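Chains as they are written, first to last, in the working numbering: chain U, 43 to 318; chain W, 10 to 289; chain C, -5 to 323.
Even for Gly, the Cβ is constructed at its ideal location relative to N, Cα and C.
This one's a predicted model, so the numbers in the text were calculated from it and none came from an experiment.
Let me begin by presenting the structure, written as structure tokens, before commenting on it.
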Amino acid sequence: MELLVEARAIASTCWKDLLVFFRYPLRTLSLVVEPFLFFVPFIIFGAMFAQDGSAAGLAAFVGVADYASFVVTGALFWNFVSAIFWGIGLSLREEMVQGTLELAWTTPARRFSLLLGRTVAHLITTIITTGLMGLGFTLLFGYRWLGGNLPLAMTTLLLSLVTLYGLGFVFAGVVLWLKEPYAIANVSRIVLGLLCGWLYPITVLPEWLQPLSLALPLTYAIDLLRAALLGTRTLLPLSWELVILGFSAALCPAVGYLLFRWLERHSRTSGTLGQY
Amino acid sequence: MPIALRSISAVAWQNFRSMLRYRTWPLSWFGFPLAMVIQFLLATKLFAGPHGAELSTFASQAGTSYALEYTLIGLILYLWLTNSIWYVGMQLQDELQVGTFEHTYLATGNIFYLLAGYALANWIRNTVALGISFCLLAWGFGMQLEITPLTASLIIGLPGLATFGFALVFGGLVLWFKDANSLALLVQAFLLLLSGVVYPVSALPVGLRLIAQISPLPWAIAVARGELVIGLDMLRAGEGLLLPPLTGLAINGVFWLLAGMVMFRYFARRAKSTGGFGTF
Amino acid sequence: MNADFPVIRAENLQKEYVVHRRTGPLPWQRRQESVWALKGVDLEIRHGEFFGLLGPNGAGKTTLVKILCTLLMPTKGRAWVAGRDVVMQEQQVRRMLGVALTGERGMYWKLTGRENLLYYAALYGLASREARKRAQTALDLMGLSDRADDLVEQYSTGMRQRLAIARSFLHDPPLLLLDEPTAGLDPQAARTIRALIVRLQQEFSKTILLTTHNLHEAEQLCDRVGILREGQLIALGTPAQLKRQVVSEAVVELEVEPKPSGLTAALATLAGVIRAESLENGQVRLLGKKDEMVLDSILQCVNAEGGKISRVVLKEPSLEDVFFHLLSE
């Protein structure tokens, strides 16, 4: 009975989020169009160094000369990262400003259900927007992903998403705790954007920065995804990277949720839950 | 000091001080520009290959093998322009919402003093933030650029009028559109795509090239690259090659300045007749 | 539920906020200070009671309400809602109460009124059919049925407030916490809301805790009121008790025709009179001790001065007088 009640809360939160999402059609469209337009210059930039669609410089680094598919794989992955890592937290923040978060918090529904419902809705909308971007890239720039190792790609994507949601929970906790979460969102966006290697293999980074990159699970996620879809060389042996990613997927959500609960409790002590 | 200058500098100074009151100002001044440009510069190193073997391929399309310098100049000017075009409108919207606009407007009496003041504050910020970022990046990536104060001021100064005009038009748009942020992101994405920021405009299909030329950005980038990367000396030998972008910039400047002034006069008249000055 | 059973009980409830005060322009130039928003509140509200919580801004009203609805944790002391501890049994506490917090916040503007209610009904664990029935009843009761399927962004402020109240009793909780439900409404809309709240309490026998700035509203609606000042409950009782308990003064206003020039000064010398003043409309206003000021001696004094009383008004202090009296102490 209790389970049924929680399932209802999860489904209802998810449905509510989807309804709100689709009631802002322009926002939805811009979620697809803006990133798409931002990523296209990177592809044209790659073309500047390529002859007949083949970039020898890139091939020397990663073993694959298809610059367009290399950039697009990274771009789509980065879209997932930015939607999930910061998306949940920033949508919580929106609800804090709206005042709806406090009210949902006064209901007997468990925090876990409220967060999970939101996460599922978020996953659906992110898959829709990223899928549409991928379709655009496939049609306009001949993005080749079908020839790759799709089971490995799906496994990598699944493990990456689980890891990302774990990290997203931590950020959501930080949003509840701090009144001004944007500075932290921006700093982490800059740091991750530079270090996780969505646009380039981390071997082009200065050597002193590479250990920091290697400490991020997302570095392995994008590396594995490219290897699976495009056949690029991996930084570490493929099986090692898979183990590292699997380990972080097992750890991140649990740690992330515990940290979220801890920060949520902290915000109820300090009284920041309703402030914004 | 003439009244116009006094008003403009007072608005600029007030605005500049407010900018520094936000605790996160170093992040928006330096964090974003550095992060974005570094990503492109690292991509340049990637595509050029381990020993820069593919720079010759780049040269065959861009006219220079100095890919890092080429990219850096394009991106810094891109950031400069995109920073500028929304700033004026956003500030205006901010003052309208806070309720300080009506008082400032009554005190200065001319809306253009106010707008010029905002633009001046932002121009100083851009000069400092992007100037320092530019030097840091050029040094960090070991670039070869010889810039004299004269060339630097010409590169910053020449697109000034066109940028201000462009800013007036987009500033006006901010006041019309409720969701100004989405609009800003969309226009920024289009400018990056169309203005030849990291590749020559000639890499685009013909139709898109024509659209690109209506903004001052591709012209400003062409002037700066001509002077700094491709190795022309604008003041002596390069008139032949630099004349087209300079003319483009001049026409662009006149057009956007006029368009911007017409737009704001219309906005001010409409607001006065509908009583909408304080209602945003 | 037994009428004597306390629906809300608080014992020595305290809340400390830690604030950082800037001492200079640099980020590390700041000092940590503690601010006590509640300094030991003891309170019992019984089943079916309509209780009003009054106090100036910053007195601790919202802090108290938020602790009771589990949004905030107390620093010291304990509180129970329907016998459940608000810290240890927060899940059960949330089932027992319906909350309407201040202002237009708290609704999804891009959802319709009905969709908002159905969403919250699901969070309260109501099955879909039951949720629809309850939502319809709540919408009917709040007079929102004809606009139920419009987006909330198209609602007026008063309608949003009614929707917020509809949401608070959707799951039929014994206790409603209403935080300034009429704040910012025009007199007509405020009156409608007040009538709806009274109906809720009487027809559905809810216990209601209402916080308000509007003293007239509190006097009109509440069985008992508590006044908070700087985190302490400085008065507690029925409006009538509070008036008796606190104010031992009375006000007498006299209309005298013709009015002799030395009358006001003469009246000021009478026993029990604290202050006598001439009002702009020609009347004389006397403030005096209720037990000592004698009407007879006032009449004699007026006659002796050669005046004639045409009208006497005796005034009872209102809850507003009590409020200001207590706050000024």
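Have a look at the DSSP bridge pairing and note the partners of C:ARG269.
DSSP output for C:ARG269 lists C:LEU281 as bridge partner(s).
Residues in the same chain with beta-carbon distance under 7 Å from U:TRP219, minus the five sequence neighbours each way, listed in chain order, please.
Here the set comprises LEU305, HIS308, SER309 and THR314.
Check whether the Cβ of U:VAL162 lies closer than 8 Å to any Cβ atom in chain C.
With 8 Å as the cut-off, U:VAL162 does not count as an interface residue toward chain C.
Nearest by alpha-carbon distance to C:LEU164: which of U:THR149, U:LEU254, U:TRP240 and U:VAL217 is it?
Ranking U:THR149, U:LEU254, U:TRP240 and U:VAL217 by Cα distance to C:LEU164 puts U:THR149 first.
U:ASN228 CB to nearest chain W CB: under 8 Å?
Yes - at least one Cβ of chain W is within 8 Å of the one on U:ASN228.
Between the C-alpha atoms of W:ALA246 and W:PRO253, what's the straight-line distance to the nearest angstrom?
With a pLDDT of 49 at W:ALA246, under the threshold of 50, the modelled position of this residue cannot be trusted; read the value that follows with caution. Taking the straight line joining both Cα atoms gives about 14 Å.
Tell me the DSSP secondary structure of C:LEU204 in three-state form.
In the structure shown, C:LEU204 sits in a strand (DSSP, three-state: E or B).
Going by other Cβ atoms of all chains shown within 10 Å of its Cβ, with 16 needed for buried, is W:CYS144 buried or exposed?
Exposed.
Which residues, in order along the stretch 117 to 147 of chain U, keep a beta-carbon less than 7 Å from a beta-carbon of chain C?
The residues in question are GLN140, GLY141, THR142, GLU144, LEU145, ALA146 and TRP147.
Hey, how far is the Cα of W:ALA21 from the Cα of W:ALA138?
In a straight line, the C-alpha of W:ALA21 is about 16 Å away from that of W:ALA138.
Can you give me the Cβ contacts of U:ASN121 inside the same chain, cut-off strictly under 6 Å, excluding the 5 residues immediately before and after it?
Correct list, in chain order: PRO77 and THR172.
Which term fits C:ASN297, buried or exposed, when burial requires 16 or more other beta carbons within 10 angstroms of its beta carbon?
Classification of C:ASN297: exposed, given that the 10 Å Cβ count is below 16.
Less than 8 Å between the beta carbons of U:ILE130 and U:ALA227, yes or no?
Contact: no.
Okay, do the stretch 144 to 161 of chain U and the stretch 75 to 91 of chain C touch, 3+ Cβ pairs below 8 Å being the bar?
They touch, by the three-pair rule.
Say whether chain U places a C-beta atom closer than 8 Å to the C-beta of C:THR176.
By this cut-off, C:THR176 is not an interface position.
Using 8 Å as the cut-off, can you tell me whether the stretch 184 to 202 of chain C makes contact with the stretch 24 to 34 of chain C, which would need three or more C-beta pairs spanning the two stretches below that distance?
No: the two stretches stay apart, fewer than three of their Cβ pairs being nearer than 8 Å.
Spell out whether any CB of chain U is found under 8 Å from the CB atom of C:ALA142.
With 8 Å as the cut-off, C:ALA142 does not count as an interface residue toward chain U.
Measuring CB atoms only, is the stretch 200 to 209 of chain W touching the stretch 225 to 240 of chain W, in the sense that at least three cross pairs come out at less than 8 Å?
Segments in contact, yes.
Note down, in chain order, every chain U residue with its Cβ under 7 Å from the Cβ of C:LYS326.
In this structure chain C extends from -5 to 323, so residue 326 of chain C is not present and cannot be described.
Using a Cβ-Cβ distance under 8 Å, would U:ARG310 count as near chain C?
Chain C, which has a Cβ nearer than 8 Å to the Cβ of U:ARG310, makes this yes.
Counting only runs that start and end within the stretch 136 to 173 of chain C, where is the alpha helix (DSSP H) found for 4 or more residues in a row?
Fully enclosed alpha helix (DSSP H) runs of 4 or longer: 151 to 162.
If you draw a straight line from the alpha carbon of W:ALA193 to that of U:SER72, how long is it in whole angstroms?
Cα to Cα, W:ALA193 sits roughly 11 Å from U:SER72.
Below 8 Å CB to CB, which residues in the same chain sit around U:LEU256 once its five sequence neighbours on both sides are set aside?
So the qualifying residues of the chain are ILE244 and LEU277.
Do the stretch 66 to 86 of chain C and the stretch 221 to 231 of chain C make contact, defined as three or more Cβ pairs closer than 8 Å?
Judged by Cβ distances under 8 Å, the stretch 66 to 86 of chain C makes no contact with the stretch 221 to 231 of chain C, as fewer than three pairs qualify.
Starting from C:ASN6, trace the beta strand (DSSP E) in both directions and tell me its first and last residue.
Per DSSP, C:ASN6 belongs to the beta strand (DSSP E) from 0 to 16.
Could you work out which residues of chain W lie near U:VAL246, taking near to mean beta carbons separated by less than 7 Å?
What U:VAL246 touches in chain W: LEU51, LYS54 and LEU55.
What does W:SER27 reach in chain U if we use C-beta pairs closer than 9 Å?
In chain order: nothing, as chain U lies at least about 17 Å away.
Taking 7 Å as the line, does the beta carbon of C:HIS41 fall inside it for any heavy atom of the ligand ATP?
The ligand ATP is not part of this structure, which contains no ligands at all.
Check U:ARG65 in the structure and name its three-state DSSP category.
Reduced to three states, the DSSP call for U:ARG65 is coil.
Measuring only the C-alpha atoms, how far is U:LEU203 from W:ILE82?
Distance between the alpha carbons of U:LEU203 and W:ILE82 is about 37 Å.
Classify U:ILE244 as helix, strand or coil using the three-state DSSP reduction.
Correct three-state label for U:ILE244: helix.
Can you tell which of C:LEU120, C:MET153 and C:ASP180 has its C-alpha closest to the C-alpha of C:LEU135?
The candidate whose alpha carbon is nearest that of C:LEU135 is C:MET153.
Taking its Cβ as the centre, do 16 or more other Cβ atoms sit within 10 Å of C:GLU286, making it buried, or is it exposed?
C:GLU286 should be labelled exposed.
What distance in whole Å lies between the Cβ atoms of W:ALA76 and W:ALA57, which are believed to be in contact at a cut-off of 8 Å?
Contact holds; Cβ gap of about 6 Å.
Since W:MET126 and W:PHE179 should fall inside the 8 Å C-beta cutoff, what is the C-beta to C-beta distance between them, to a whole number of angstroms?
One point to set straight first is that residue 126 of chain W is Gly, not Met, in the sequence displayed. The pair is not a contact, with the Cβ atoms about 17 Å apart (cut-off 8 Å).
Closer than 8 Å is the cut-off here; do at least three beta carbon pairs connect the stretch 298 to 308 of chain C with the stretch 243 to 259 of chain C?
The stretch 298 to 308 of chain C, when compared against the stretch 243 to 259 of chain C, does touch it at the 8 Å Cβ threshold.
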